[in-house]
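Working notes, structure below.
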Amino acid sequence: MEIPKGIITNVLTALYQPFWFAVILSVLFMFVYKAYPSIKQAAKDWISWFKSDSAFRRTFFLVFYTVMILFRTLLNRNMWLNPVSNVLGVWGLYNAKGELTTECIENLALFIPFTILLLWAAKDRILKRMTMGSVLWNSTKITFLFSFSVEMLQLFLRLGTWQLSDLFYNTLGGAIGGLIYLAGYKVTHR
1403 MEIPKGIITN VLTALYQPFW FAVILSVLFM FVYKAYPSIK QAAKDWISWF
1453 KSDSAFRRTF FLVFYTVMIL FRTLLNRNMW LNPVSNVLGV WGLYNAKGEL
1503 TTECIENLAL FIPFTILLLW AAKDRILKRM TMGSVLWNST KITFLFSFSV
1553 EMLQLFLRLG TWQLSDLFYN TLGGAIGGLI YLAGYKVTHR
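Following our numbering, the numbering of the sequence shown begins with 1403 at its first residue and continues without gaps.
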């Protein structure tokens, strides 16, 4: 009972802390995305685009979730004295001190929706073919590069710690997200 409770608490915390920041930043990005000079007219047009343009909606949701990831992994962190103090990271449900941690599950779960939203928003630009190999390769590669970039920013900015386990679980979550997207695509395009 302690494991599900810890997972639920950490997931809900991860969602509520960056939620409004992600909403505001995503909306602002979309203003820049359409490059409109008048705020009032831009707000009206933004609502109209959101209602009528599915590519706009998909891009908005991708940006929104990406901002939430960046908030969770970079912006909502304290400075560390030594960001390489635990390079291997946590590979199970218990850390080196024997304390329960859900870090590996959180890292895995964080990138499943990211990859689904990424492929949903930019499938035509990312995938040349809708095959399992293509989807798995591209979703794994992109998630690895994004996760590696976040880990390097954590290292250089000293926000959090650089960990191989984070990189592994984030990438694995991206691969799983790609497979889930492919399964959903196959079901909806029969």
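For glycine and all other residues, C-beta sits at the position ideal for the given N, C-alpha and C.
Only a predicted model underlies this, so the values are computations on that prediction, with no experimental measurement involved.
Quiz prompt | the segment 1551 to 1563 in contact with the segment 1580 to 1588 per 3-pair CB rule at 8 Å | solution = no
Quiz item: Taking C-alpha atoms, which residue in Leu1529, Ala1524, Tyr1496 lies nearest to arginine 1460?
Solution: On the sequence shown, position 58 is the one that residue 1460 refers to. When only C-alpha atoms are compared, the closest one is Ala1524.
Exercise. Over the uninterrupted alpha helix (DSSP H) stretch that includes glutamate 1508, give me the two end residues.
Key: Mapped onto the sequence shown, residue 1508 falls at position 106. Element bounds for glutamate 1508: 1505 to 1528.
Self-check item: Which listed residue (Arg1560, Val1429, Leu1569) has its alpha carbon closest to that of leucine 1547
Solution: Position 145 of the sequence shown, counted from the start, is the residue given in the question as residue 1547. The candidate whose alpha carbon is nearest that of leucine 1547 is Leu1569.
Practice problem: Mind checking who leucine 1502 pairs with in its DSSP beta bridge? | Solution: Start at 1 with the first residue of the sequence shown, and residue 1502 comes out as number 100. Leucine 1502 pairs with Tyr1496.
Quiz item: Are the Cβ atoms of leucine 1561 and leucine 1490 separated by less than 8 Å?
Solution: The residue you call residue 1561 lines up with position 159 of the sequence shown. The residue you call residue 1490 lines up with position 88 of the sequence shown. It is not a contact, given that the beta carbons lie outside the stated cut-off.
Self-check item: Cα-Cα separation between arginine 1474 and threonine 1468, rounded to whole angstroms
Solution: Sequence index remark: in the sequence shown, residue 1474 carries index 72 (1-based). Sequence index remark: in the sequence shown, residue 1468 carries index 66 (1-based). So the two alpha carbons sit approximately 10 Å from each other.
Quiz item: Does the Cβ of asparagine 1502 have 16 or more other Cβ atoms within 10 Å, making it buried, or fewer, making it exposed?
Solution: Numbered from 1 along the sequence shown, position 100 holds the residue referred to as residue 1502. The amino acid occupying residue 1502 in the given sequence is leucine; asparagine does not appear at that position. Leucine 1502 should be labelled exposed.
Quiz prompt | Contacting residues, own chain, Cβ-Cβ under 8 Å from glycine 1494 (five flanking each side not counted) | solution = For the purposes of this step, residue 1494 is identified with residue 92 of the sequence shown, where counting begins at 1. Counting only residues of its own chain and dropping the five nearest sequence neighbours on each side, glycine 1494 has a CB closer than 8 Å to the CB of Cys1506.
Quiz item: By DSSP, does leucine 1490 sit in helix, in strand, or in coil?
Solution: For this step, residue 1490 is matched to residue 88 along the sequence shown. If DSSP states are grouped into helix, strand and coil, leucine 1490 belongs with coil.
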